[in-house]
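Novice:
Number of protein chains: 2
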Amino acid sequence: MNGQQADEAVRTALSAEEEGIDFALIELLFFAYRDFTSDPDVILADYGFGRAHHRVLHFVNRRPGLTVAELLEVLRITKQSLARVLKQLIDAGHVVQVQGPRDRRQRELYPTAKGRALALALALPQSRRIRAALEEAGPADRAAIERFLKAMVDPDLRPQIDKRPRAGGGGREGK
Amino acid sequence: MNGQQADEAVRTALSAEEEGIDFALIELLFFAYRDFTSDPDVILADYGFGRAHHRVLHFVNRRPGLTVAELLEVLRITKQSLARVLKQLIDAGHVVQVQGPRDRRQRELYPTAKGRALALALALPQSRRIRAALEEAGPADRAAIERFLKAMVDPDLRPQIDKRPRAGGGGREGK
DNA sequence: AAATTATGTCAATATGACTGACATAAATTC
DNA sequence: GAATTTATGTCAGTCATATTGACATAATTT
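Respectively, the protein sequence lines represent chains A and B.
Each residue of the first sequence is one higher than the last, beginning at 1 in this note's numbering.
Each residue of the second sequence is one higher than the last, beginning at 1001 in this note's numbering.
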C-alpha cells in the first residue's frame, strides 16, 4: 500500500532503458487500428459475419482469381482457420470458386456481384475515416505516410502489397 | 466456368463506385499492423501469454495507477474479457492492484519491476521496426505520420492518447 | 436509508485461431 | 507408368479472446 521511495529508484533506473523506445508511435498505431477496424463491425453483424469474413472478402475482391494458398499467405493463417469462414462466404453467395485453368488442383476465388457490393460497403466507412484523417495533409504528407506503412511490413512479404488482379480479367459470376 | 463477357460489364459498373475508395491505405494499414503485432508474439509465447496480456501490460506500464474502468475504456473490451487476462498477469507477478486512495472501490493497477521489464522487452522489437521504417523519413514526415494516425482515432476517444501518468508518481512494488 | 458506482465472479456462448491426421485429385519426377 | 509431391478439403480436438446476462460486495453519493 506504499513504497513510494523505493519505487522512485526503480522508475529512474528503467527510464534510462526506455529512452530509445518509440512509445508514441506504438500507441498511435494501436489506437488508429482499433478504431479503423471498428467501422465495419456494425455492418458485418447484420450478415452474421465477423472480421475474418471481412478480411477474406476484401482480398478476394481486390485480387479476384487468387488461389486458396495465396489467400493463406496474405492473411497469415492456416487453411483450417480459413475453411469455415470461406465456406460461409461461398454458401452465402459472396464468393465463388473456379477450378484453376492452368493447374486444375487450384481453386481460384472470385467475388460475386453480391460479394463486391458487401466488400465495397465495408470499405466505405474505412475510406471515409482515412479521407477525414488526411483532410489537412498535402501530397507529400500522404506519400510519407504510405512509405512509412510500407516500410513497416516485413521486407520479404512486401511483394504481397502491390499484387493486383491480372489486367483484363473481370470477376466471375456463377458456377 | 465461364461468363467472361457478362462479368466485364459488372466489373465496369462497380469500378465507378469504387473510384472514391482508398484501397491503397486500407491495405497498407492491414499489412503494417499485421507485421507490427507479430513481433512480440514470440516473446509472449515463452510466458504462456497472448496479445491480450500484451495490451494490458502495455497500458498498465504506460499509465501506472490507471483503474480497471479506465483500462476497459482504452482496450474497448468488457470486464469479463479482461478478468482472466488480468488475473494471470497478477498471479505471475507482473501487475499489482492497489486500493484507490480517493475512492476505495477503485483498484489502481501498477506494473512490478518484472512487469516493466516484460513490457519493455515486448516494446523493443516494435520500436525497432518503427525506427527502421522511419529510416529515410525527415522530422516533417514523422509529424505528418503522427497527425494522420491521431486523426484516425475517434474524436471522442482522442483524449485517451495523451493521457500519461501523473507526474511525480512512480510505480509500486508490492503490498 | 436508498440509489448508484466500481469491481469481481459465475455461467454459457461465439469467434477465430491452432495442431495433427487423413483423403483426394492433379501435377511432377523418376 | 509408377512414385512422389502439391493444392485443397475435411475431421477432431483444443485454445485464446471475446461476448451477454446475472448476481454479489463494498464504498460512495444522493
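Ideal Cβ placement from N, Cα and C applies to all residues, glycine included.
Return the chain-ordered ranges of every alpha helix (DSSP H) run that is complete within the stretch 22-71 of chain A and spans a minimum of 4 residues.
Specialist: DSSP runs (the alpha helix (DSSP H)) wholly in the stretch 22-71 of chain A: 23-47, 51-62.
Novice: Please classify G1171(B): does DSSP put it in a helix, a strand, or coil?
Specialist: Model confidence at G1171(B) stands at a pLDDT of 49, short of 50, so the residue's coordinates are unreliable and nothing is read from them.
Novice: Shorter than 8 Å from the beta carbon of D156(A) to some beta carbon of chain B?
Specialist: With 8 Å as the cut-off, D156(A) does not count as an interface residue toward chain B.
Novice: Quick one, are the C-beta atoms of L82(A) and L71(A) less than 8 Å apart?
Specialist: Result yes, Cβ atoms of L82(A) and L71(A) sit closer than 8 Å.
Novice: Determine the burial state of V1042(B): buried for a count of at least 16 other Cβ atoms within 10 Å of its Cβ, exposed for fewer.
Specialist: Counting Cβ neighbours within 10 Å, V1042(B) comes out exposed, since fewer than 16 surround it.
Novice: Using the beta-carbon count (16 or more within 10 Å), is P101(A) buried or exposed?
Specialist: Looking at its Cβ environment, which holds fewer than 16 other Cβ atoms inside 10 Å, P101(A) is exposed.
Novice: What are the residues in the stretch 1029-1054 of chain B lying within 7 Å of chain A by C-beta distance?
Specialist: Listed by position along the chain: L1029, F1031, A1032, Y1033, R1034, D1035, F1036.
Novice: Beta-carbon within less than 6 Å of K1160(B)'s beta-carbon, same chain only, minus the 5 sequence neighbours each way: which residues are those?
Specialist: Per the sequence presented here, residue 1160(B) reads as Gln, with Lys not at that position. So the qualifying residues of the chain are V1074.
Novice: Contact between the stretch 88-106 of chain A and the stretch 1117-1136 of chain B: three or more CB pairs below 8 Å?
Specialist: Contact between the stretch 88-106 of chain A and the stretch 1117-1136 of chain B is absent, because fewer than three Cβ pairs lie under 8 Å.
Novice: Quick one: which chain B residues come within Cβ less than 9 Å of I77(A)?
Specialist: The premise fails here: I77(A) is roughly 11 Å from chain B at the closest Cβ pair, so nothing lies under 9 Å.
Novice: Could you pull out every residue in the same chain whose Cβ sits closer than 8 Å to the Cβ of H1054(B), ignoring the five residues on either side in sequence?
Specialist: Correct list, in chain order: P1040, L1044, L1122.
Novice: Which one or two residues does DSSP pair with R107(A) in a beta bridge?
Specialist: Looking at the DSSP assignment, R107(A) forms a beta bridge with Q99(A).
Novice: Is L149(A) close to chain B, meaning its C-beta is less than 8 Å from at least one C-beta of that chain?
Specialist: L149(A) counts as touching chain B.
Novice: Would a check of beta-carbon distances place R1129(B) closer than 8 Å to chain A?
Specialist: Yes, its Cβ sits closer than 8 Å to a Cβ of chain A.
Novice: With 8 Å as the threshold, decide whether the Cβ of K1163(B) is near any Cβ in chain A.
Specialist: K1163(B) does not count as touching chain A.
Novice: Report the three-state DSSP secondary structure of Q160(A) (helix, strand or coil).
Specialist: Q160(A): helix per DSSP, three-state reduction.
Novice: Establish whether the CB of D1022(B) and some CB of chain A are separated by less than 8 Å.
Specialist: By this cut-off, D1022(B) is an interface position.
Novice: If you follow the alpha helix (DSSP H) that E146(A) is part of, which residue opens it and which one closes it?
Specialist: That run of the alpha helix (DSSP H) goes 139-152.
Novice: Could you list which residues in chain B have their beta carbon closer than 9 Å to that of D141(A), in chain order?
Specialist: Within chain B, the residues near D141(A) are A1140, D1141, A1143, A1144, I1145, R1147, F1148.
Novice: Which of helix, strand or coil does DSSP assign to G1115(B)?
Specialist: G1115(B) falls in the helix class under three-state DSSP.
Novice: Answer yes or no: do D141(A) and A1144(B) have a C-beta to C-beta separation smaller than 8 Å?
Specialist: Cβ atoms of D141(A) and A1144(B): closer than 8 Å.
Novice: Counting C-beta neighbours from all protein chains within 10 Å, is the total for Q126(A) 16 or more, i.e. buried, or is it exposed?
Specialist: Looking at its Cβ environment, which holds 16 or more other Cβ atoms inside 10 Å, Q126(A) is buried.
Novice: L89(A) lies in the alpha helix (DSSP H); which residues open and close that run?
Specialist: Segment 79-91, the alpha helix (DSSP H) holding L89(A).
Novice: Just by C-beta distance, which residues in the stretch 1081-1100 of chain B are closer than 9 Å to chain A?
Specialist: So the list reads V1098, Q1099, given in the order they occur along the chain.
Novice: Hey, is E1027(B)'s beta-carbon within less than 8 Å of any beta-carbon in chain A?
Specialist: By this cut-off, E1027(B) is an interface position.
Novice: How should T78(A) be labelled, buried or exposed, when 16 other C-beta atoms within 10 angstroms of its C-beta is the threshold for buried?
Specialist: Exposed, since its Cβ has fewer than 16 Cβ neighbours within 10 Å.
Novice: Here's a check: name, in chain order, each residue in its chain whose Cβ is nearer than 6 Å to the Cβ of V1068(B), leaving out the five neighbours to either side.
Specialist: Closer than 6 Å at the Cβ level, and outside the excluded window around V1068(B), lie R1107.
Novice: Would you say A1133(B) reaches chain A, if we count a Cβ-Cβ gap shorter than 8 Å as a contact?
Specialist: At least one chain A Cβ lies under 8 Å of A1133(B).
Novice: Give a yes or no on whether the minimum CB-CB distance between R1104(B) and chain A is below 8 Å.
Specialist: No, R1104(B) lies away from the interface with chain A (no Cβ there is under 8 Å from its Cβ).
Novice: Which residues of chain B have a Cβ atom closer than 9 Å to the Cβ of A123(A), listed in chain order?
Specialist: E1018, I1021, D1022, F1023, I1026, listed in chain order.
Novice: Quick one: residues in its chain with C-beta nearer than 8 Å to the C-beta of I90(A), no 5 flanking neighbours on either side, listed in chain order?
Specialist: Answer for I90(A): V96, Q97, listed in chain order.
Novice: Take G1138(B) as the anchor and find which of F148(A), A132(A), I130(A) has the nearest alpha-carbon.
Specialist: Comparing Cα-Cα distances from G1138(B) to each of F148(A), A132(A), I130(A), the minimum goes to F148(A).
Novice: Of the choices D1162(B), A1092(B), D1022(B), whose alpha-carbon is the least far from that of A1113(B)?
Specialist: The residue with the shortest Cα to Cα distance from A1113(B) is A1092(B).
Novice: Between F36(A) and L1029(B), how many whole angstroms is the CB-CB distance? I'm expecting something under 8 Å.
Specialist: Yes, they are in contact, since the Cβ atoms of F36(A) and L1029(B) sit about 6 Å apart, within 8 Å.
Novice: Taking the beta carbon of R131(A) as the centre, do at least 16 other beta carbons fall within 10 Å, making it buried, or is it exposed?
Specialist: By the 10 Å Cβ count, R131(A) comes out exposed.
Novice: For P1064(B), count neighbouring C-beta atoms within 10 Å of its own C-beta (all shown protein chains included) and say buried if the count is 16 or more, exposed if not.
Specialist: Buried: at least 16 other Cβ atoms inside 10 Å.
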